[in-house]
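Right, one structure below, let's go through it.
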Amino acid sequence: MPKKALLIIAQKDYQDIEYTRTRAALEREGLQVIVASGEGGTCTGRFGGSVQNTLPLRQVKIENFDLIAFIGGGGAEAYVRHPEALRIAHEAAVAAIPLGAICIAPLILAKARVLEGKKATVWDDGQGTQREILEQAGAAFTGDSVTVDGLIVTGNGAEASEEFGRTLTELLR
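For what it's worth, my numbering labels the leading residue of the sequence shown as 571, then goes sequentially.
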């Protein structure tokens with residue numbers, strides 16, 4: 571039976587490239603990919619992509635997955651305050667399930683308090699805003715394209731998405 575990866579994307583304005591490249595990297599390694607979002611139904615990407623969501627966040631049971639990752643894009647900011655997204659991130663970290671977040675999505679992990687004492691990266695607006703949020707949550711900002719600390723993988727944007735996906739799969743070996 572193939573291992574299962576859960577990709578969590580925003581209902582609207584997920585980052586298309588991060589989603590497609592991360593998903594492709596996971597599928598190349600034989601993982602079955604399930605997509606979740608806040609509500610369920612069709613999700614629309616910032617650049618015109620469209621994905622049919624399989625699972626609303628409220629129905630996610632982390633024990634059903636071998637790996638969980640949050641995809642960025644402007645819409646992912648809503649998950650920084652979304653109780654179900656925070657629950658999923660926290661439960662995955664506690665259960666030692668590989669957990670990833672790319673672009674703006676590492677802020678979700680920061681808000682879920684799973685980056686304390688960890689190295690992490692994030693897309694930054696050039697003003698240091700996102701870096702500051704990570705550091706306030708106790709993370710050591712690296713500025714690297716992809717950062718791994720234990721079972722947590724963070725990536726800083728679309729350019730890092732293929733490496734991000736590959737790095738996540740390496741945690742399952």
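Ideal Cβ positions, reconstructed from N, Cα and C, are used throughout, including at glycine.
For clarity, every value in this text was computed on a predicted model and none was experimentally measured.
- Pairing Ala709 with Ser620, the inter-Cα distance amounts to about 33 Å.
- A direct Cα-to-Cα measurement between Gly618 and Lys631 gives close to 29 Å.
- Taking Glu609 as reference, the option from Thr699, Leu677, Gln697, Ala648 with the minimal CA-CA separation is Ala648.
- Phe635 and Cys673 have their C-alpha atoms roughly 22 Å apart.
- Gly725 and Ile579 have their C-alpha atoms spaced approximately 15 Å apart.
- Within the same chain, Ala690, Val692, Thr724 come within 6 Å of Pro676 by CB-CB distance, once the 5 residues on both sides are set aside.
- The criterion of a C-beta distance shorter than 9 Å is not satisfied by Gln629 and Ala646.
- Around the beta-carbon of Pro668, 16 or more other beta-carbon atoms lie within 10 Å, marking it buried.
- Its Cα nearest to that of Leu704, the residue Ala680 stands out among Ala680, Val684, Gln697, Gly698.
- Exclusion of the five residues before and after Gly727 leaves Cys673, Trp693 as the residues of its chain whose Cβ lies within less than 6 Å of its Cβ.
- Selection Leu601, Lys582, Asp583, Leu596 evaluated against Lys573 yields Leu601 as nearest (Cα-Cα).
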